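Participant:
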Ligand code: PEP
């Protein structure tokens with residue numbers, strides 16, 4: 001389904017989980033979400049993208065890649081390009097996830113160049129930002145996130161091809177969800193910061209929250225001002241849990 005920035009977005013990042021047998025999980029999920037007014041996206045590992053695209057065609061589920069290289073092709077062993085994701089049928093890509101930044105040494109120029117390349121290949125980008133615990137404990141998290149946004153949002157961005165995911169690193173995979181106040185304050189800060197960006201003159205992009213979202217806390221998080229959806233890791237692996245999050249919007 002084509003991305004609609006006026007709808008809530010529920011995105012699931014499978015990280016390095018899932019083999020071909022997981023197709024059964026996707027079929028069950030598709031049966032559960034046979035009607036929805038949300039953008040529902042799954043980001044399986046690269047090896048499963050083509051299969052999942054095939055299974056999910058003519059359903060409400062869209063498929064994306066978890067990262068891409070900033071070049072189209074070349075001597076970049078272990079990398080996947082945006083055009084390869086497009087070729088496999090993906091419509092979305094996550095850029096700048098904190099795990100990818102940490103594991104693959106993604107600096108800011110790298111992140112913005114990936115975004116350009118993804119847009120050239122007509123992929124909708126979810127750009128992740130988030131501070132670690134030391135930045136937050138020093139009280140520098142607002143400045144840190146502003147800088148990350150300036151360094152990651154490309155001139156080619158607009159609200160139809162870009163979403164921002166605020167994912168505090170200390171909340172990812174820890175069960176330590178950010179408090180309602182922390183989410184509210186940071187999403188307001190991101191919303192105000194993006195308003196000053198030339199490329200968002202016609203309207204701000206959706207801002208997702210990510211970090212230990214689960215069926216129990218999803219409804220409350222989705223009701224916070226300026227939270228336009230969630231990026232879910234662990235809880236997206238199980239079709240029942242992920243569907244509960246979808247239903248809680
Ligand atoms: C993520 O992978 O982006 C994430 C938020 O993970 P989790 O929901 O497991 O914290």
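Residue numbers (my numbering): 1 to 249.
Don't be surprised by glycine CBs; every beta carbon is placed ideally from N, CA and C.
Quick caveat, the model's predicted, so the values are computed rather than measured.
#1: Answer with buried or exposed for residue 252, where buried requires no fewer than 16 other C-beta atoms within 10 angstroms of its C-beta.
#2: State the CB to CB distance for the pair residue 205 and residue 222, rounded to an integer number of angstroms; the pair is presumed to be in contact (CB under 8 Å).
#3: Who are the Cβ neighbours of residue 148 in its own chain at under 6 Å, not counting the five residues just before and after it?
#4: Apart from the five residues on each side of it in sequence, which residues of its chain come closer than 8 Å, Cβ to Cβ, to residue 225?
#5: If I follow the unbroken beta strand (DSSP E) through residue 213, where does it start and stop?
#6: Grab me the residues of residue 26's own chain with a C-beta within less than 6 Å of its C-beta, minus the 5 sequence neighbours each way, in chain order.
#7: Can you check which of these residues, 103, 90 and 100, is closest to residue 123 by C-alpha distance?
#8: Work out the CA separation of residue 14 and residue 197 for me, nearest whole Å.
#9: For residue 35, which of 1, 202, 16 and 18 has the nearest alpha-carbon?
#10: Where DSSP assigns a beta bridge to residue 43, which residues make up the other side?
#11: At what residues does the alpha helix (DSSP H) containing residue 142 begin and finish?
#12: Which two residues bound the contiguous alpha helix (DSSP H) that contains residue 62?
#13: Measure the alpha-carbon distance for residue 199 versus residue 76 and round it to whole angstroms.
#14: Answer yes or no: the CB of residue 234 versus the heavy atoms of ligand 1, is any distance below 7 Å?
#15: Under DSSP, the beta strand (DSSP E) around residue 7 begins and ends at which residues?
#16: Does the beta-carbon of residue 240 have 16 or more other beta-carbons within 10 angstroms, so that it is buried, or is it exposed?
#17: How long is the line joining the alpha carbons of residue 87 and residue 93, rounded to whole angstroms?
Facilitator: Taking the coordinates as given:
#1: One cannot answer for residue 252 here, as it falls past the ends of the chain, which runs 1 to 249.
#2: So it is not a contact: roughly 17 Å between Cβ atoms.
#3: 129
#4: 184, 187 and 188
#5: Premise fails: residue 213 is in no beta strand (DSSP E) and is neither H nor E.
#6: 52 and 55
#7: 90
#8: 31 Å
#9: 1
#10: 13
#11: 141-152
#12: It is not in any alpha helix (DSSP H) - residue 62 instead sits in the beta strand (DSSP E) that spans 61-65.
#13: 31 Å
#14: yes
#15: Note, residue 7: premise wrong, no beta strand (DSSP E); not H, not E.
#16: exposed
#17: 13 Å
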